[in-house]
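Engineer: Here it is, the structure in full.
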Ligand code: MN3
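Residue numbers (this note's numbering): -5 to 194.
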């Protein structure tokens, strides 16, 4: 069994004007597809073949090819799942209560997450994780993620890709505008489902 590029539940143009169709097409069909193929090649005939992507990311002995492409595979799978043309707004349900409990307010969470995304130098990701039942925000370089041993060790439930390939066609150097637009796409129902899967 090898990893497969996930099909999106929306069309490339459906996230406009927040993420443009051309960026989505290149990001999914070229970048994510590349990580997927390179991951499959990097684990072929090794002890990692047949492991889940979470097990691969958590393995402390992975080489750079597996780390970069396994991270790239996992991170983009989560990213596509937690954005939606029908997303945005403020969360409700258990995740809303946990955000209020752990950040004080939704606005405080938004500020902390946006700062993590804006201040990640170069290429990387911003994350909302569940760690020991509590929410936390962090960022990682390159295609690393919180599951990897050198990172926070939480379970990711929300992420934002801040590589330039994720926004440059539409936003050029205006990363803060892209971060603000991302909040119009967050699929809070899906984030809530992931939150509950790690807390109940
Ligand atoms: Mn990307």
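Note that CB positions come from ideal geometry on N, CA and C, so glycine has one too.
Values in this document were obtained by computation on a predicted structure and should not be read as measured data.
1) Considering just the uninterrupted stretch of the beta strand (DSSP E) at residue 133, what are its terminal residues?
2) Could you name the residues of the same chain whose beta carbon sits closer than 7 Å to that of residue 181, not counting the 5 residues immediately before and after it, in chain order?
3) Any heavy atom of the ligand MN3 inside 7 Å of the beta-carbon of residue 15?
4) Any heavy atom of the ligand MN3 inside 7 Å of the beta-carbon of residue 138?
5) So what's residue 124 in DSSP terms, helix, strand or just coil?
6) Within 10 Å of its beta-carbon, does residue 83 have 16 or more other beta-carbons around it, so buried, or fewer, so exposed?
7) Could you give the first and the last residue of the continuous alpha helix (DSSP H) run that contains residue 88?
8) Comparing C-alpha positions only, which one of 137, 153, 62 sits nearest to residue 188?
Structural biologist: Looking at the coordinates:
1) For residue 133, the enclosing beta strand (DSSP E) stretches over residues 128 to 135.
2) 76, 77, 78, 81
3) no
4) no
5) strand
6) Under this definition residue 83 is an exposed residue.
7) 88 to 97
8) 153
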